[in-house]
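Sequences listed follow chains W and Y, in order.
Numbered as in our numbering, the first sequence ends at 173 without a single skipped number.
Numbered as in our numbering, the second sequence ends at 173 without a single skipped number.
Glycine residues also receive a C-beta, built at the ideal position from the N, C-alpha and C atoms.
A short worksheet on the structure shown next.
Number of protein chains: 2
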Amino acid sequence: MLAVKTPETAPQTVSRDVFRSAMSILAAAVNVVTTEGPDGRAGFTATAVCSVSDEPASLLVCLNRNASVYPAFRDSDYLCVNTLSADQQALSNTFGGKSPMAERFAAAQWSTDVTGSPMLDGALVNFDCRISNRVAAGSHDILICEIVGIRQQESGDGLIYFQRGYCNATPLG
Amino acid sequence: MLAVKTPETAPQTVSRDVFRSAMSILAAAVNVVTTEGPDGRAGFTATAVCSVSDEPASLLVCLNRNASVYPAFRDSDYLCVNTLSADQQALSNTFGGKSPMAERFAAAQWSTDVTGSPMLDGALVNFDCRISNRVAAGSHDILICEIVGIRQQESGDGLIYFQRGYCNATPLG
Numbered sequence: 001m002l003a004v005k006t007p008e009t010a011p012q013t014v015s016r017d018v019f020r021s022a023m024s025i026l027a028a029a030v031n032v033v034t035t036e037g038p039d040g041r042a043g044f045t046a047t048a049v050c051s052v053s054d055e056p057a058s059l060l061v062c063l064n065r066n067a068s069v070y071p072a073f074r075d076s077d078y079l080c081v082n083t084l085s086a087d088q089q090a091l092s093n094t095f096g097g098k099s100p101m102a103e104r105f106a107a108a109q110w111s112t113d114v115t116g117s118p119m120l121d122g123a124l125v126n127f128d129c130r131i132s133n134r135v136a137a138g139s140h141d142i143l144i145c146e147i148v149g150i151r152q153q154e155s156g157d158g159l160i161y162f163q164r165g166y167c168n169a170t171p172l173g
Numbered sequence: 001m002l003a004v005k006t007p008e009t010a011p012q013t014v015s016r017d018v019f020r021s022a023m024s025i026l027a028a029a030v031n032v033v034t035t036e037g038p039d040g041r042a043g044f045t046a047t048a049v050c051s052v053s054d055e056p057a058s059l060l061v062c063l064n065r066n067a068s069v070y071p072a073f074r075d076s077d078y079l080c081v082n083t084l085s086a087d088q089q090a091l092s093n094t095f096g097g098k099s100p101m102a103e104r105f106a107a108a109q110w111s112t113d114v115t116g117s118p119m120l121d122g123a124l125v126n127f128d129c130r131i132s133n134r135v136a137a138g139s140h141d142i143l144i145c146e147i148v149g150i151r152q153q154e155s156g157d158g159l160i161y162f163q164r165g166y167c168n169a170t171p172l173g
C-alpha cells in the first residue's frame, strides 16, 4: 500500500491561471440561473451547477459573492436553473456579460411556475427551486436547492462549455 | 412585476423518476474520484463534480452516503478527481459498477502526487485535493475540496454523460 503523504507539511498552492486552465477541460452544461428578487428579475450564466440528491430532489449552484447578481440571490429564497439548448449560445453570452438585467430578460421569453422565478421558454429543462441552504466556500456561496418543479422538453441538444468554447454532445459509438 | 407565489403553502414534490429523467439532460463530464483510505484504495464514477472557487482553488464532489465507497471517503482527508477522456468509457463503467476495488484499480495505471490519492494516468486532468468541508444534503454529502495539485494533459477529448449515454463534445460553429 502506498504511504499517504501529508500535504500540511508541504502545502502547495494552485495559481488562478492553472486552476482556470484545468477547469476549462471539465466539460459542463450551460445554464441561466434566475430569480425574482426584491428589486426585480436577475439572472446569470452558470456552469457550476450539479445534481445533489434525489431524496429530496435537489441540486446546487455556485455563485461568486462579488458577482453583480449576488445581492438578488442573497435576498431571494427561490431560483430557477434553466439548462440551455445548443441553439441558445447568444443567451449564454448575454447573461454572462455586463448588460443590464432588463436587456438580458428582453432577449428571451419567460414564464413562471411554482416559485415565481423566471422560467426560460425553449430551455432544455427548467428546475424551479427553493434555496434550502447556503454554504460559503472561498469566494463563492454554494446554494443548495430543493427542486419543487421541473419542466422538461421531450428532446433537444444541450449546450456544453468545454475548452473555452461552446459545444454540443455527440454520442460515442 | 410578477407576484412571487409562496410554495410553502402548496408544496410540490418531484418524484425520483422525474428528477432522474431531468438530470439526464444536464450534460456533465465523467470523473473517477479516488482516495487512499485506511483500508486501501477506493474509487467511484461521478458526474456530480463542479468548480467552486479560484481563491483558494477548489471544487466539490457529491457522494451518496449509501454508496459502498462512502466509508473510505468519510475516513480520508484527501481525494483525487480524475476527469476521463473520451477513450476511457470502459473505466467509467468499471468504477460505476459493483466490482471489487482491486479489480477496478487493476483496470488502469495509477501514480500519486501531493496527497497520495490514486491519480489516473491518461486522464484529461487530475485534481489532487484535500477535503476541507463536508455538508450533508439529503441522501448525499457534498465534499468541498481544496485543490493542492493539478496534472493536465495538453489536449484531448472529454467523456461526457448526456441523455443516459456517453458522448464527446463537438465544437459548435
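- By the C-beta density criterion, Y/Thr47 is buried, having at least 16 other C-beta atoms within 10 angstroms.
- Think of a sphere of 8 Å around the beta carbon of W/Ala48: the chain Y residues whose beta carbon falls inside it are Cys50, Ser51 and Val52, in chain order.
- The three-state secondary structure of W/Glu146, taken from DSSP, is strand.
- Within chain W, the residues placing a beta-carbon under 8 Å from that of Y/Arg16 are Asp54, Glu55 and Ala57, ordered along the chain.
- If you draw a 10 Å sphere on the C-beta of W/Gln153, you find fewer than 16 other C-beta atoms in it, and that means exposed.
- When Cβ-Cβ separations below 8 Å define contact, W/Pro71 makes no contact with chain Y.
- The continuous stretches of alpha helix (DSSP H) do not include W/Gly156, and DSSP gives it neither H nor E.
- In the three-state DSSP reduction, Y/Gln109 falls in the coil class, being neither helix nor strand.
- Counting along the chain, Y/Val33 sits inside the beta strand (DSSP E) bounded by residues Asn31 to Gly37.
- Cβ contact annotation for W/Arg41 (same chain, cutoff 7 Å, sequence separation greater than five): Thr34, Met101, Phe105 and Pro118, in chain order.
- For W/Thr94, no beta strand (DSSP E) run applies; the uninterrupted alpha helix (DSSP H) run containing it begins and ends at Gln89 to Gly96, by DSSP.
- The C-beta of W/Leu26 comes closer than 8 Å to at least one C-beta of chain Y.
- Counting C-beta pairs closer than 8 Å gives fewer than three between the region 80-100 of chain W and the region 64-79 of chain Y, which falls short of the contact rule.
- Contact between the region 70-83 of chain W and the region 51-58 of chain W is absent, with fewer than three C-beta pairs closer than 8 Å.
- Chain W has a Cβ within less than 8 Å of the Cβ of Y/Ile160.
- As far as DSSP is concerned, W/Ala67 takes part in no beta bridge.
- Among the residues facing chain Y, W/Pro171 is included, as its CB has a counterpart in that chain under 8 Å away.
- Contact check for Y/Ile160 against Y/Ala28 passes: the beta carbons are separated by less than 8 Å.
- Going by C-alpha positions, W/Asp113 is about 12 Å away from W/Asp121.
- Residue environment for Y/Arg134: exposed (fewer than 16 other C-beta atoms within 10 angstroms of its C-beta).
- Chain order gives the chain Y residues near W/Arg20 as Asp54, where near means a beta carbon separation below 8 Å.
- The shortest C-alpha to C-alpha distance from W/Gln109 to any of W/Cys50, W/Asn82 and W/Ser15 is the one to W/Asn82.
- Considering only W/Ile131, W/Phe162, W/Arg20 and W/Asn31, the residue with the shortest C-alpha distance to W/Gly37 is W/Ile131.
- Contact annotation: W/Ile142 and Y/Leu143 have beta-carbon atoms that are not nearer than 8 Å.
- Closest option to W/Tyr78, judged by alpha-carbon separation, among W/Thr45, W/Val49 and W/Phe127: W/Phe127.
- Interface annotation, Y/Phe105: not in contact with chain W, CB-CB separation never under 8 Å.
- Residue range Arg16 to Met23 is occupied by the alpha helix (DSSP H) that includes W/Asp17.
- Its chain contains Ser24 and Ile25 as the residues whose beta carbon lies nearer than 7 Å to that of W/Gln163, once the 5 sequence neighbours on both sides are disregarded; these appear in chain order.
- Following the DSSP letters along the chain, one finds Y/Ala86 in no beta strand (DSSP E), marked with neither H nor E.
- For the region 106-122 of chain W, the set of residues with a beta-carbon nearer than 7 Å to any beta-carbon of chain Y comprises Thr112, Val114, Thr115 and Gly116, in chain order.
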